[in-house]
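Below: one structure, written as C-alpha cells.
In full-length UniProt numbering, the protein residues as written are 1 to 500.
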C-alpha cells in the first residue's frame, strides 16, 4: 500500500512539473510568443508573393541534396512533452526537404548518457517512411554525452556503409545538434574533427543550454550556425530559418518581372528596386528616370528627408549597434550614418542630451559612454571612428551590458531622481544567438524606453520583444539598408518633444 501511494505521489509530481515546469524557468507565456501578424512600416510596399506552389508552407528543397543527421538530446532534463516537440520540429523540417535516394537523406542519432542511432541515412528514403520512423523515437533519459554523440555520428552515421554519398559526389554533409544542457564530456576536439571531415554543424540550444559549448561545436560563421530558443515550445520557429540555410532558395531566381533589380525578402517574397537615377512606377515593377538628389530612397517616390531639430530635448540616449559578420563593413558604414543622422537632430550637451554607443558581435564593447562627449561634433567624430567588430550576434549579452553598465551613473547617466528619460535604440540585422527576453523585461521595468530597428534577416519576434509600449511606434523593419534614412527621420521625430 505504501509503495502504491508513493508511486501515485511520484506520478502526480511529474504531472505538476509537466504542466507548470515547462515554462517556469523563463516565465514563458504561449500567447506572448505565438506567431502573430505584425504591422511593419510601409517602407517597401511593393512586396511580390511567391507562387502558391513555392510558398514556404509548401516549399520543398530541391536545390541542394544533403546527407543530414539530426543529433538530439533526450537526457533527463528533456521532459516527455518537450521531447515530443523536438520530434514535431524534426517532422516539420522533413516537410521542407525533398527526400529521396538522389536528393536528401536523413538519419537520427539519439543521445543521453549513451548513444543510439535510431536510423541511418540509407534506411528511410521517402517522406512517409521517414516521418513514421521519427514518430517512433523514444527518449533515453539520464546524462548528456554530446561529444560521444558527435563522434558516433561522424564514425557511424556519416559513412558510405550507412548511406552517406561518396566524397566525389559533392553532397553536403550536415549535422543539426539539439540540446538543452551542458555537455558532460568534451565537445571541442571531436567537433573540430567532424568539421575537418567536411561535416557542417549547426548547434541549437534550448532553455539552459550552454552557449559556449554551442559555439565550440558549430561551424563558422557562428552567427549562421548557432541558434537559441527559450523553450521547446517555440523551437518550431527555427524551421523557416533552417529552410533558408539548407535550401538557399532565392525567389528572384524563380522568375520575376522587375524592370531593374529583384530583391529577395526573407525567402518568402520579393520586391523590385530601381537603379540609381530611376524611381519605381505605380505598378511596383517598372522604373522611370528621375533627377537624383540627396535623400532619395530608390524604390519609393522621391522624397527629401529633412531632419527635425530638437530644441528642448533632455535625454540619456544609448545606441546599441550590431557589428556582426553578416552586416559587412560597407553596411556598417550605413549604420554609423544612421546613428549620426539621429544625433544631428538632437540638442547635445551635459545639461541636455547625452549620447553613448555600444557595439556588439560575439562580445560587447562600449565605444563611448554617456559622460564622454558633450558636443554634437565630438559625438559624430567618435561614431565615424568606430571600427567594425565582425563575429557573432550576441544581442542578449549587449542588452545585459546596457542594463548593468551603460545606464549607470558611473557611465554618465543622470540619477533617477532627475527624471531624465532613458532611451535605447537597438539595431540588428540577424537573429540573436543568445537569450534576450529577461534583459528586455528588466530594462523596461527600470524605465528604459526601447526602440528596435531590424534589417534583412532580423527576427520579427526579437524586434517585438525589444520594443517598448506600443510596438508599432517603437519597432522598425526594412528588408535592406536603403531605408535607414527614413527610419532615422521617424525616430528623430519621436525623440523630439511635441513632434511626431
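A virtual CB, placed ideally from N, CA and C, is assigned to each residue, including glycine. The structure presented is a predicted model; accordingly, all values stated were derived computationally and were not measured.
Check, Outcome
"Got a sec? Which residues, its chain only, sit under 6 Å from residue 173 by beta carbon, not counting five neighbours each side?", "67, 158, 198, 199"
"Answer with buried or exposed for residue 469, where buried requires no fewer than 16 other C-beta atoms within 10 angstroms of its C-beta.", "exposed"
"Please state the DSSP three-state secondary structure of residue 394.", "coil"
"Measure the alpha-carbon distance for residue 331 versus residue 481 and round it to whole angstroms.", "7 Å"
"Counting only the same chain and skipping the five closest in sequence on each side, list residues whose C-beta sits under 7 Å from that of residue 214.", "203, 205, 226"
"Which residues share a DSSP beta bridge with residue 454?", "428, 477"
"Do three or more CB pairs link the segment 227 to 240 to the segment 417 to 435 at distances below 8 Å?", "yes"
"Expressed to the nearest angstrom, what Euclidean distance is found between the alpha-carbon atoms of residue 211 and residue 280?", "45 Å"
"List the endpoints of the continuous alpha helix (DSSP H) containing residue 501.", "With the chain covering only 1 through 500, there is no way to say anything about residue 501."
"Are the Cβ atoms of residue 177 and residue 146 separated by less than 9 Å?", "yes"
"Do residue 366 and residue 406 have their CB atoms nearer than 9 Å?", "yes"
"DSSP state of residue 273, grouped into three classes?", "strand"
"I need the straight-line Cα distance from residue 417 to residue 236, nearest angstrom please.", "45 Å"
"For the 8 Å Cβ check, are there 3 or more pairs between the segment 387 to 407 and the segment 216 to 225?", "yes"
"Quick test of the definition: if touching needs 3 or more C-beta pairs under 8 Å, does the segment 123 to 137 touch the segment 89 to 103?", "yes"
"So what's residue 173 in DSSP terms, helix, strand or just coil?", "strand"
"Can you tell which of 425, 175, 400 has the C-alpha that lies nearest to the C-alpha of residue 155?", "175"
"Using 9 Å as the threshold, is the C-beta distance between residue 165 and residue 209 below it?", "no"
"Applying the 10 Å Cβ sphere with the 16-neighbour rule, what's the burial state of residue 139?", "buried"
"Considering Cα atoms alone, identify which of 460, 458, 467 is closest to residue 439.", "467"
"Helix or strand or just coil, what does DSSP make of residue 201?", "strand"
"Using a threshold of 9 Å, state whether the C-beta atoms of residue 71 and residue 153 are closer than that.", "yes"
"Ignore the nearest five residues each way along the sequence and tell me which others in residue 12's own chain have a CB closer than 7 Å to its CB.", "Low local confidence applies: a pLDDT of 44 at residue 12 is under 50, so the model's placement there is unreliable, with the coordinate-based value given in what follows. Correct list: empty, nothing qualifies."
"Spatial neighbours of residue 151 within its chain, please: C-beta separation below 6 Å, excluding the five flanking residues on both sides.", "190"
"Using only the alpha-carbon positions, how far apart do residue 496 and residue 89 sit?", "46 Å"
"Which partner residues of residue 110 appear in the DSSP bridge assignment?", "72, 116"
"Sorted by chain position, which residues of the same chain lie with C-beta nearer than 7 Å to residue 414's C-beta, five sequence neighbours on each side aside?", "316, 420"
"Where do the ends of the beta strand (DSSP E) carrying residue 181 lie?", "From DSSP, residue 181 is part of no beta strand (DSSP E); its letter is neither H nor E."
"Beta carbon of residue 458, beta carbon of residue 435: below 9 Å?", "no"
"How is the alpha helix (DSSP H) around residue 575 delimited, first residue to last?", "The displayed coordinates of the chain run from 1 to 500. Any statement about residue 575 would go beyond what the structure contains."
"So residue 180 and residue 148 are in contact, right, with Cβ under 8 Å, and what is the actual spacing, rounded?", "Between residue 148 and residue 180 the Cβ distance is about 17 Å, and since that is not below 8 Å, they are no contact."
"Taking DSSP as the reference, what is the three-state secondary structure of residue 281?", "coil"
"For a quick check, are the C-beta atoms of residue 69 and residue 125 less than 9 Å apart?", "no"
"Could you compute how far the alpha carbon of residue 207 sits from the alpha carbon of residue 351?", "43 Å"
"Going by the CB atoms, is the gap between residue 343 and residue 380 shorter than 9 Å?", "yes"
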